[in-house]
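Protein chains in written order, with our numbering: chain A, 1147 to 1825; chain B, 1214 to 1610; chain C, 616 to 904. We put the beta carbon where it would ideally sit given N, CA and C, even for glycine. What follows is one structure encoded as structure tokens, with my remarks underneath.
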Amino acid sequence: MSYLNKAALRSKTGFWPNNRGTIIGVALLAVVILIVPFTASSSMMNIAVFSMIFALPAIGLSLLMGLAGQVSLGQAAFFAIGAYTHAILLQKFEMPGLVAAVGGVVAAMLAALLVGLPMLRLRGHYLALATLGLGFIVMIAVREWEFTGRTTGIYGYGRPEVFGIPIDNNGLFFWFVAPFVLLGLVLALNLTRSRAGRALSAVNDSELAAESLGVNTYALRVKVFTLSAGFAGLGGVFYAYQVQIVSPQVAEFHVSVELLLMVVIGGLGSVWGAIAGAFIVELLSEGLRDLIPAIIPGATGEVQLIGYGLVLILVIILLPGGLYQVVKTAWAAITSRIGARRADAAAPAGAAALPGGGADDGTAEAPTRAFGGLPGEGAASAPVDGTADGDAVGDGGHEASAPVPTVSVPVPAGAPILEVRGLTKRYGGVVAVDEVTLTVPAGQIMGLIGPNGAGKTTCFNMITGAIAPTSGTVSFLGSEIQGRKPHVGAEAGLTRTFQNLQVFSSTDVVGNVYMGRYRKGRAGILRGMLGLQGREQYRHEEIAREILETMQLGDVSGLAAGDLPFGRQRMMEVCRALASEPALLLLDEPMAGLSGREREMLATLLRRLRDAGLTIVLVEHDVAQVMALADTVAVLDDGVLIAHGDPESVRNDPAVIVAYLGTDAEEAEAELKELEEHA
Amino acid sequence: MHRAQRRLLIPAAVAASIALALTGCGASNFGGDSGGDGASEEGPIKIGAVLDITGVGANLGVPEQNTLNMLAEQLNEAGGIDGREVELIIKDNQSTEDGAAKATTQLIENDDVDLIIGSSRTGPSLAMRPLVEAAQVPTISVAANAAIVDGSEWVFKTAQNDLVVLERILDDAEAKGYTKLALVRDATGFGEGIADIITELGSERGITLTATESFEPSATDFTAQMTNIRAADADAVIIWGITPSAGLAQAAYVQLGVDKPVYQSHGVANDAFFEAAGPAADGVIAPMGRLLVADQLSDDDPQKAVIDQFIADYTESFDSAPSSFAGHAYDAWLVGTKAIEEAGTDPEALRDAIEATTDVVGISGIFTMTPENHSGLTADALIMALAEGGRWTLYEE
Amino acid sequence: MTDFLQLTVAGLSQGSVYALLAVGLIATYTVRHVVNIAQGDYATLAGLGSISLVTAGLPLPVAILIALVSVTLASVLIERLVISRVKNLTTLVSIILTLGVSTLLQAIMLLIWGAEGKRLPAFPGSDLNLGGVSIRSQELWMLGALVVVGGGVLLFYEKTRWGKALRASAEQPVAARIVGISPAVASVIAFAIAGFVGAAAGVVSSPIYLSIWSGGLLLGLKGFVAAVLGGLVSFRAAIVGALLLGIIESYVAGYVASGWKDAVAFFILIIVLIIRPAGLVLRPNAVRV
């Protein structure tokens, strides 16, 4: 079983020579590319050539939409900038072909960086329509500008020779452009599996959670936007090279629509799909141009649009995953059939990996065995046994000997790690949090309690950066972080979990916890694309797995995170937060939805983490739990901090009792007692 | 069968199929013979055409397409040229420059054509020029702007030069005593350089250009341009564009209450102008070929016979009268096929033969080409026409 | 001065079309959180439809009425057949989907009515000339349509119980249910309003700006720009923004260069989005977690 896991792990970590699927796919595509010019008819060849050219911007757009989750309706703008720059450098400045080509790509990327910096702060509809506006601006600019040849455009520059070979026919040109598409494909595939790529897809699932783990969403989006424009620019360069004229039509909206269509048909976020989509759209365009006038006499003009519109609607409604989904489903069906045949011969080893698979052999219930799945390696790598001094509370029994995840201890116990001064949040006339001032000493568990609507979560959100305070300061490890995005605090070692679970549903449980390792990673987009970070990723996944084992989630590590029962999702979130080796952990109602056994386990773990040096602040409804667990307790009522001290003194504070249970203090105390006993 | 054998089977099959593919389909995607010089002297004569069949130039391209199809059929029924069949390959450039370039590249690289006709408008024609020059394929454009042929060895054209059209307009303006003109022009290649020509021609005639505005061929709102034209307070206005935009501009001009006389170009020489402009068209004067006023020509006009025959043929085939643009295509076909008859399909010889065209009576005029003049028409080819009650009438002082 | 006023008049009449489309966009956005890219195509569809009916011999008012009703129904049909079919209507999906609808509508119009722009006969009335500034009677019709139709929608959403419930249905389905509107019904009503408003913009502007199959996209986008000026929620700000946009465009076309006219809206869009993403009238919304 551990062997199976490692194989699965390797296929995900992305150093591409390790990935058989990619190698086979790329090799097959290469063979097809080699053959096509010999077999294709001249009209088919023409389609093949343009689908290769448009595959490049489509790959870029697919990265942008799939990874960064942004719709761009202006991809043609960057395509056009690449094409125009190439043509102008050749025609007006008589640069060598290579220089002009590089110039085209660089110009597209620079333009994207310039407009991306302000525009990528926008969200949703706004960004999509801003990119659309950008497309129109570029189209109008090249149409009106003398330098870009106005309506007629730039022409008469010829095709530079490549290594002394004149590229003067479709066959040679196809071979010229195809390697770039293959290379682009491999780079893009690598990127989707890289640290940055996985971070971006986590952002798509939950931006807040990803940022709380240290992902600088904005910076990553700008980078992907720029990269995507680079692909578009390269496509534009090849277009200018092949067509030998660049006129304003290349920037027109329908080009952006075609590119979008390619990505949608191929499957949002699938790089392979973008290439297939490019071919299908080119084919569709040519085919419909012939077909529709044959069906409807007298039809002229851009009749292929009817197909575009229908396909866009139908794919989104009936087949949201596009071709990629179809192929994946078909492939899964085939492999499962083959797998089943093999499994008849071999032992039913894979059964435990099925959802709810613990039922037949009980491995899920044997944590020690699960942890033993990686013998020898656990001790060698990251988890350091922080409880070596053995003062763990003994009620956890079998967990006592298990190591706890590594934590960082930047300041000695007792020194202030988090200082909140005058923190205030107003929504219109409503004051949600009013002048809260609080110091959290390192190495303690602090409980933050208060009735519903007291402002606890708002406090958390202001401390972590999810929302900006109206006034006041938040100082973590001596630097002020109020109003900064969550990744700022996260990078310094402040992380959190959420009251409403923020699970990365597009990946499995290990994938979630792996994201916790984000702040410990280094590799950027470039290394990711080149596939030079397999080792690093492998190590982080290993650590993520070990943390899951410690938390008795090892048996579900391969499942989709969204499929877990609620309680285990919550535990997974804690694992994810711990994976970042935090110095300060904010837990928002961590006990809610947990079973009694799970609560016990979590409480034990939190104590041991505290003993290892971690500072923990938890918001909790379960007052009894907090009182039992916390070293100090702070009480919020109606946005105001009404009490702060050790559990005993807070428990007896009349103001707290009133706040919790109404006006009659004694009655309230009785109820509180009852509640505690009940728990 | 042994396992090892089976393992060899698949690569062998792949290799075999590649080999088959190699020999099977020939190397058509690698250009066959390179360039246009390999055009064969055997088999059918291939004439390519690149026209604005869809998009903003469709009013021009569609009648041109009709004409070429009709003429090719007629020619082949009559036995082709020297017993060789004529194969006509028409491609739509969608009224775009890059569409024209793509279509031209295909005609040259895949279809190996001997002669190219097109495009319908100036912009796409300009886009084709470097391609056909590099490949050395004789080409006859049916668009107007002189820049298409200026200094070109391989490109000719049959539409009247903008220069001679403007000469006619300015002559008329001078005769009427106008001294200030304003121009509203098409923003594309057709309208480029027009202001300069007017300024130059006007300086000899004491006429100045006081305002220039432009519009896209796809435009429908002309209020801003016409407001500025109104403010320019010229004696007369030249609207220089193609239909439908030039007709819509005419309508906007009248709607804004400007009452100065309007000259239009030969770009409105069709009935579509009246559809777009409506009653606002009345009183517009435009220089154009004789085709649209054929019924008003005197019987001794040297072009009358040719024009009447063309109108009769075209009307029979397509149930509508031909426009001037159909005439440009007729002329391109006429000049081109005459030259092939004389010189065959060797590119150099064919080009020389086109260049030697002398006194060929066509629809738009009588063509005489020289190495310096690839347009072939003089100001005599034009008449002045007046828009009246939804049709063009012969207008002379 | 005459020119300035002439350009202002032209800008106001163009702006009134943008304003109606902006009203339609906001009507659907407040209820469904969908930016309907096909909004402008409703206008061309109604324009072309009424032209065909007039050509077929129907009196102008009848033709217009039929066109208004049909496009309203078409919009409802689009909501039922397309928009409501998607369960998880994310921003990305809604944009692709309405773009698909827009493309499809355009293609259908191209097939039925051909590539050329067509003109509806002008509404009755005689053109004015005030001190050299010519005002076409159709321009008064356009402004009138904005006041009646746009104002009507505004009052409906802001003053009536149903309208308020409709607005609330996006955020508080329960509140809407109390008035008796299910989210599905609310969505249908919103699309019906959007269809009607778009169609009104289309028929009233056709005599001046013509109706052409591909014209809707740009019109709708400019309506969107105006709607953004109102933060996608305020009808009043959007209408004012639309009229301003029309006027600015007109000045740019008149005093700078007519070719740049269409770029103006997008420059404004990008600048406004970057400086004040919540629109010109509202304070930025707080992020809720």
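Residue burial annotation: Met1675 of chain A is buried, with at least 16 other C-beta atoms found within 10 angstroms of its C-beta. In the DSSP assignment, Asp1734 of chain A falls within the beta strand (DSSP E) that extends over Leu1730 to Asp1734. In this structure, DSSP gives His1271 of chain A a helical state, which the three-state scheme calls helix.
Per DSSP, the continuous beta strand (DSSP E) segment holding Val1786 of chain A begins and ends at Val1786 to Gly1791.
Sequence-distant partners of Tyr824 of chain C (beyond 5 residues in either direction) whose C-beta falls short of 8 Å from its own C-beta, in its chain, are Gln629, Val632 and Gly830. Here Tyr870 of chain C is exposed: its Cβ has fewer than 16 other Cβ atoms, across all protein chains shown, within 10 Å. Non-local beta-carbon contacts of Ala1194 of chain A in its own chain, meaning distances under 7 Å to residues more than five positions away in sequence, involve Val1182, Ala1186 and Phe1320 in chain order. Short of 7 Å from the beta carbon of Pro1203 of chain A, and not among the five residues preceding or following it, lie these beta carbons of its own chain, in chain order: Gln1221, Phe1225, Phe1377, Ala1378, Gly1381 and Leu1405. A direct Cα-to-Cα measurement between Arg1305 of chain A and Leu1288 of chain B gives close to 37 Å. Boundaries of the alpha helix (DSSP H) around Phe1326 of chain A: Asn1316 to Arg1339. Cα atoms of Leu1328 of chain B and Thr1352 of chain B: separation of roughly 6 Å, rounded to the nearest angstrom.
Looking at the backbone, the Cα of Ser802 of chain C and that of Ala1274 of chain A are separated by about 23 Å.
A distance below 8 Å between beta-carbons, with the five flanking residues on each side excluded, links Thr1440 of chain B to the following residues of its chain, in chain order: Leu1469. The alpha-carbon separation between Tyr772 of chain C and Glu1429 of chain B amounts to approximately 40 Å.
Remark: C-beta atoms of His1541 of chain B and Thr1371 of chain B approach each other more closely than 8 Å. By the Cβ-count criterion, Phe1239 of chain A is exposed, with fewer than 16 other Cβ atoms from all chains shown falling within 10 Å of its own Cβ.
For Glu1601 of chain B, the uninterrupted beta strand (DSSP E) segment begins and ends at Ile1596 to Glu1601. For Ser749 of chain C, no alpha helix (DSSP H) run applies; the uninterrupted beta strand (DSSP E) run containing it begins and ends at Val748 to Ile750, by DSSP.
Under DSSP, Asp1654 of chain A shares a beta bridge with A:Ala1706. With contacts defined as CB atoms closer than 8 Å, Ala1447 of chain B and Thr1423 of chain B qualify as a contacting pair. Remark: fewer than three beta-carbon pairs, one from each stretch, lie closer than 8 Å, so the segment 1739 to 1757 of chain A and the segment 1564 to 1575 of chain A are not flagged as touching. When B:Thr1433, B:Ile1455, B:Tyr1466 and B:Ser1431 are compared, the shortest CA-CA separation from Ala1444 of chain B is found for B:Tyr1466. DSSP places Asp1783 of chain A in the strand class (E or B) of the three-state scheme. The DSSP-derived three-state label of Met1717 of chain A is helix. Between Leu1359 of chain A and Met1661 of chain A a beta carbon distance of about 6 Å is seen, short of the 8 Å cut, so the two are scored as contacting. Within chain A, Pro1183, Ala1186, Ser1188, Met1191, Asn1315, Asn1316 and Gly1317 have C-beta atoms less than 7 Å from the C-beta of Asn1242 of chain B, given in sequence order.
In terms of CA proximity to Ile1421 of chain A, A:Ile1179 leads the group A:Ala1780, A:Ser1741 and A:Ile1179.
Between the C-alpha atoms of Leu675 of chain C and Val624 of chain C there is a straight-line separation of about 25 Å. One finds Gly874 in chain C with Cβ atoms closer than 9 Å to the Cβ of Arg1289 of chain A, taken in chain order. For Gly1331 of chain B, DSSP records a beta bridge to B:Val1263. A Cβ of chain A is located within less than 8 Å of the beta carbon of Asp877 of chain C. If only complete runs of 3 or more residues are kept, the segment 1222 to 1262 of chain A shows no beta strand (DSSP E) anywhere. For the 8 Å CB-CB criterion, Ala1359 of chain B and Arg1334 of chain B do not form a contact.
In the structure shown, Glu1581 of chain A adopts extended strand secondary structure according to DSSP, grouped into three states. Identification of residues in the segment 717 to 731 of chain C having a C-beta nearer than 9 Å to some C-beta of chain A yields Ser717, Thr718, Leu719, Leu720, Gln721, Ala722, Ile723, Leu725, Leu726, Gly729 and Ala730, given in sequence order. Annotation: Leu1740 of chain A to Arg1691 of chain A spans about 21 Å, alpha carbon to alpha carbon.
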